[in-house]
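Below: the structure, in structure tokens.
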Amino acid sequence: MSYQVEDKQILKEIDLHVAEGQRITLTGPSGSGKSTILKLVSSLISPTQGQINFQGKDVAQLDPISYRRQVSYCFQQPSLFGTTVADNLRFPFELRDEPFNQQQAVELLWQVDLDESYLNKKIETLSGGEKQRVALIRNLLFPPKVLLLDEVTTGLDENSKAIVHKLIRNYHQEGTTILEVTHDATELDLANYLITIKEGKRVK
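FYI, the working numbering numbers position 52 of the sequence shown as 59, with every residue one higher than the one before it.
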């Protein structure tokens, strides 16, 4: 697949196969196109050449809502909305017209070292690490088949990083396929399979 904006080539002939259950880490210099790959895979943007297949089907032909429930994108900068943490954790249930499972939400909060009282916390009072953890578990209340992680530990303290690493590792061990972008040396050491992107091309 390739991606171009006007006369600027962002990605050129990227050939990437992600097998079910794999954990693949993309690395490379800033601006090399790593995050663009995640946006393409998540169907936020479309390739200008080539195509992306999911379970043998062209993503462009799939229902976008159904696809994004199976392939979930977690951004580098957490985007929370509403007023409270509960507003954010209730949202995935509302999308599916299902009643909010508060017990499930609380259990996930505990997994990222946040207690039940956080449900009522206002989002503007949360630290950066707390916001990222809430954003991440919001993506995991209905576990996706594929989890896309775009430098989700950037700027977090070591304690928050360790908590996020453990949660991601647990979901991977339970079968979630993970495609992640990172510059963090400690995360590169955790990679099961490392791919280097440079100047819009796969070099390794």
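Glycine is no exception: its CB is placed at the ideal position from the N, C-alpha and C atoms.
Proximity to residue i [Cα-Cα], best of the options
i    : options                   : result
T43  : L201, T183, G57 and V188  : V188
S167 : G63, L143, L154 and P151  : L143
G207 : L102, V25 and G35         : G35
V92  : E181, I170, L174 and V141 : V141
L156 : Q110, G135 and E194       : E194
S79  : N95, F98 and K152         : K152
G136 : Q84, D196, L33 and I202   : Q84
D164 : S134, F149, D14 and G182  : S134
A192 : E181, R209 and E158       : E158
Inter-residue Cα distance where the pair is residue i and residue j
i    : j    : result
Q139 : T160 : 8 Å
E131 : K64  : 41 Å
H179 : R30  : 7 Å
N127 : E114 : 15 Å
H172 : S9   : 31 Å
S49  : D104 : 23 Å
L102 : N146 : 12 Å
Q109 : C81  : 22 Å
P99  : S73  : 13 Å
I202 : A26  : 14 Å
S53  : I204 : 19 Å
Residue i - containing alpha helix (DSSP H), residue span
i    : result
I175 : E165 to Q180
Q139 : G135 to L147
Residue i, enclosing beta strand (DSSP E) - first and last residue
i   : result
L23 : Segment: none, L23 is in no beta strand (DSSP E) and carries neither H nor E.
Assumed close pair residue i, residue j - CB separation to whole angstroms, cut-off 8 Å
i    : j    : result
I185 : I170 : Not a contact, Cβ separation roughly 17 Å.
G40  : L18  : 5 Å
A198 : T55  : At roughly 29 Å, the Cβ-Cβ gap does not stay under 8 Å, so A198 and T55 are not in contact.
Strand pairing of residue i, partner residues [DSSP]
i   : result
S79 : L154
T91 : K129
T34 : T203
CB contact check: residue i to chain D, cutoff 7 Å
i    : result
G162 : The structure shown contains no chain D; it holds only a single protein chain.
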